[in-house]
Every structure is written in C-alpha cells, then in structure tokens.
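Shown next, in structure tokens, is the structure this report addresses.
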Amino acid sequence: MAKLDLQQQPHRRFNPLTREWILVSPHRTQRPWQGQTEATGFTPEVQYDPQCYMCPGNLRASGERTPKYQHVFVFDNDYPALLADTPQLDFNHGELLVARGEPGICRVMCFSARHDLTIARMETQEIQLVVDAWTEEYQKLSGNPLINYVQIFENRGAMMGCSNPHPHCQIWSTSSIPTYPKLEQASFQDYSQAHHSCLLCDYLKLETDLKERIVCENDGFLAVVPFWATWPFETLILSKRHVADMGALDANERSALADILKRITVRYDNLFQTSFPYSMGFHQRPTDSLEHPEWHFHAHFFPPLLRSATVRKFMVGFELLGMPQRDITAESSAERLRAVPDSHHTF
Ligand SMILES: [Zn+2]
Ligand SMILES: [Zn+2]
Ligand SMILES: [Zn+2]
1 MAKLDLQQQP HRRFNPLTRE WILVSPHRTQ RPWQGQTEAT GFTPEVQYDP
51 QCYMCPGNLR ASGERTPKYQ HVFVFDNDYP ALLADTPQLD FNHGELLVAR
101 GEPGICRVMC FSARHDLTIA RMETQEIQLV VDAWTEEYQK LSGNPLINYV
151 QIFENRGAMM GCSNPHPHCQ IWSTSSIPTY PKLEQASFQD YSQAHHSCLL
201 CDYLKLETDL KERIVCENDG FLAVVPFWAT WPFETLILSK RHVADMGALD
251 ANERSALADI LKRITVRYDN LFQTSFPYSM GFHQRPTDSL EHPEWHFHAH
301 FFPPLLRSAT VRKFMVGFEL LGMPQRDITA ESSAERLRAV PDSHHTF
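Under the working numbering, the first residue of the sequence shown carries the number 1, and numbering increases by one thereafter.
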C-alpha cells in the first residue's frame, strides 16, 4: 500500500489539543519568493530609557513611580483589559446576543532592570528569577476566589504588536477559562479516559523515540516543533515530568525551565540573525477549586517569521476561511532550529 510522504505531499495534520486540522504543503517551499527579503541585524539599544515606564525610577501612567528594582518587578497593568470589580452579569437577547461580565486582573512583569535585554540575552540565573516570579504570581492569583485561570504570556518585538522593548510579560487572569486552555483541557480529559494515560506524556515519549521534531532538551524539559505546528517555527516546550502547573516544579525543574527558555530563544535569534519576535505563554492547570490531574504543564512559542528577519507569515485567505496552512514541514523547521547554536549568539 502506498505511504503518504510527509515531506513531499500535501496533507493535513490533526492537532489533538485543539482538535483542529492544519494543512501542510511541503511542495510549495520551492516556490520562488518575490517579496522583500531585506535582512536587519540586532541593534543594541540603551540600557536605560528615561521615557520607559518600566525602567527603574520612572513614572507610570497611574502616577506611581517604578521602584529602583534590580531583577524582576511586578505591578498592576495601568491599562488593564480586565477589571476585578466587573460584575458577572448575564446578557441574553433572544439566545442570539449572549454575553457575560468577565472579572479579572492584569499584571505586568519586568524581567530585568535593563531596557535592552531579551530572554535570549539574559543569563540563565536571571531567567530563573523570572521563573520564580511567575510561579509566585501564579500561586498568589490562584488563591483569589475570583480567578479561575491565569494566563502568563510574552509578546516579543514590534512585529507582535509589542509597544515597549523593555523585557516584560503580561499576566491576565480571568474568572472563566479562556477558549484554548478550555479546548486543551477537554482533550486531556478525553484522552485520559480513552487511554488511561496523559496526552502530552504519551506525545513526549513518541517524540523522544522518533527524534524527528526535537529542537533541544535538558533534564526537565523537551522543546519540539509539534507535528501539527501552524506557525513556521512554532515550538512546544513540555515538562518531562507530569506536573499540572508551575507550582509543582521542583528547584531543578525551575532551573531547567530557565535553561530551555534561554536555549530556544537563542536558537530563534540565530536562525535569522535577528532579535526574533514571538508570542509565548504557559498553559497550566486552571485555578478553580478542582484538582485537574489531567493537566500537563507546557509552553507554546508562536513566532511569525517565515524566511528572514523581515519576511513574516500572514494568516490570510484560505487560512482565515478554511484552515491554517503551512509550506515548510514541522520536521524541516526542527532541523533548521537544531542546526543553529543555542549556547551563544552568532551575530
Ligand atoms: Zn525600559
Ligand atoms: Zn502528562
Ligand atoms: Zn497548550
């Protein structure tokens, strides 16, 4: 019987987390590119910007002053997308116009006092302080009865709509579980019922055996371009141990997380010789009152770049109307990410 050639033939791949399909067209990578391919190098910025509200000692929109912190600083977002005092009121007009009040808390975390750093350019020990601060924020917010889900995410680079280059992330916590974590939760639950094991533990085993899509790994974490990746250089960072949230990581695993984040972001930077833009974030156990043994802690990196520092992928046309589509396969993306060093910048 003929076998499908995943490197040559168009096919669709199932994402068991979202249970959506992604169309892969590997044959299209030979297509000539006529768009702009101008490359831009890394331009170091100033270590301190008097206009930046996240730099130590500067004034914020709220009128508060950012303290002269050294490593990590967390504060309430001055322009929050969610407010804690929003009433959870239901709106229903003829079953067609349906809405519900969504209370929440938006926090901002500066990773470093240095304005010009990125995770890729921070020392692993410094990233570990960020991991500790994420854990602390997650645990603090999980104690709040109003909050049932905590989403930690970083938008890196102007291409991702990030308005300030100061290294930072956001923490949006909500009273409802947002769409994607909720979809993943249902997948975890269904998989565990059907197989009596964890979806991501089994996936981790499979990728470790096949070694086709692994980018890098350490004692605590595995970084892969998932089989069902949508973005050209999308990666999934999986904890090797089945833990439901950051709070369950031991000291070694927390430093392993800092290490893998450093290594994956250095690889990204080296790939196109640029400070690589991305959206990244952690998916973990909801902070409602339930146990959630089905959850497997992981991080997603969604970078937009396709061919160079300036050529990005757009989700348009068929992707908006049909389903996501990619040309380069997950396997060749992983191979290209493996081919660049993760110990130092090459530019
Ligand atoms: Zn700054
Ligand atoms: Zn697991
Ligand atoms: Zn996820």
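Even glycine gets a Cβ: it sits at the ideal position worked out from N, Cα and C.
Limits of the unbroken beta strand (DSSP E) element including residue i
i: L337; result: No beta strand (DSSP E) contains L337, which is instead part of the alpha helix (DSSP H) from 330-338.
i: F14; result: 11-15
i: Q170; result: 168-174
i: V131; result: Unbroken run through V131 is the alpha helix (DSSP H), 124-142; no beta strand (DSSP E).
i: S279; result: 278-283
i: L222; result: 221-224
i: W21; result: 20-24
i: V215; result: 214-217
i: A151; result: Rather than Ala, the amino acid found at residue 151 in this sequence is Gln. 149-156 is the span of the beta strand (DSSP E), which, as asked, contains Q151.
i: F302; result: 298-302
CB of residue i within 9 Å of CB of residue j, strictly
i: E207; j: T18; result: no
i: I260; j: I237; result: yes
i: A258; j: V131; result: yes
i: V150; j: Q284; result: yes
i: P304; j: Y268; result: no
i: E154; j: Q128; result: no
i: R13; j: F227; result: yes
i: M323; j: I22; result: yes
i: Q70; j: A120; result: no
i: T230; j: L6; result: no
i: S239; j: G157; result: no
i: R100; j: D90; result: yes
i: P10; j: Y191; result: no
i: P67; j: P56; result: yes
i: N77; j: V46; result: no
Minimum C-alpha distance to residue i - residue among the options
i: G104; options: I119, F221, L146, K211; result: L146
i: N144; options: S255, D259, P286; result: P286
i: A84; options: L199, N148, R13, A186; result: N148
i: E182; options: D288, N218, C55; result: It is worth fixing the name first, because residue 182 is Lys in this sequence and not Glu. Among D288, N218, C55, the Cα nearest to that of K182 belongs to D288.
i: C110; options: H168, R336, L320, L290; result: H168
i: T235; options: E331, T66, K3, V150; result: E331
i: R241; options: L200, C52, L97, Q128; result: L200
i: G247; options: L204, T265, H296, D202; result: H296
i: T174; options: G157, S187, I152, A113; result: I152
i: Y79; options: G63, C55, N92; result: G63
i: L82; options: R100, C106, V72, D76; result: C106
i: S333; options: H345, L320, L306; result: L306
i: L271; options: H93, V340, K3; result: V340
i: V72; options: T29, I264, H166; result: H166
i: N218; options: K262, R65, H11, T118; result: K262
i: H344; options: E45, V266, W172, E294; result: V266
i: E291; options: Y180, A244, E123; result: A244
i: R326; options: E20, A2, T29; result: T29
i: Q8; options: N15, P16, P232, P26; result: P26
i: H298; options: C198, F282, A309; result: F282
i: A251; options: Q125, P10, L4; result: Q125
i: E20; options: Y180, H196, S308; result: Y180
i: Q88; options: V225, F314, A256, S176; result: S176
i: V225; options: M54, F301, P293, V311; result: F301
i: P178; options: G317, Q47, E102; result: E102
i: W172; options: F75, P50, V311; result: F75
i: E253; options: F221, I264, G317; result: F221
i: F347; options: Q273, P232, R312; result: Q273
i: F233; options: N92, L337, C52; result: L337
i: T135; options: E212, L249, H196; result: L249
i: Y48; options: P293, N164, D342; result: N164
i: P293; options: Q193, A309, L204; result: Q193
i: I264; options: Q139, D342, C162; result: D342
i: V311; options: M159, L204, T118; result: M159
i: T118; options: E95, G94, C162; result: C162
i: C216; options: C198, S197, A256, A186; result: A256
Endpoints, the alpha helix (DSSP H) within which residue i is located
i: L348; result: With the chain running from 1 to 347 in the structure shown, residue 348 is simply not present.
i: Q193; result: 179-195
i: F318; result: 318-321
i: L204; result: 199-210
i: I237; result: Not the alpha helix (DSSP H): I237 falls in the beta strand (DSSP E), residues 235-239.
Any chain C beta carbon closer than 9 Å to residue i
i: P165; result: In the structure shown, chain C does not exist; there is a single protein chain.
Mind listing which residues have their beta carbon within less than 6 Å of any non-hydrogen atom of ligand 1? Chain order is fine.
D49, C52, M54, C55, H115, H166
Just to confirm the assignment: which complete beta strand (DSSP E) runs, minimum length 3, are found wholly within the segment 26-114?
73-76, 90-93, 97-100, 104-110
Give every residue whose Cβ lies closer than 5 Å to any heavy atom of ligand 2, listed in chain order.
C198, L200, C201, H242, H296
Who sits around ligand 3, taking every residue whose Cβ is closer than 6 Å to one of its heavy atoms?
L17, E184, H283, H298, H300
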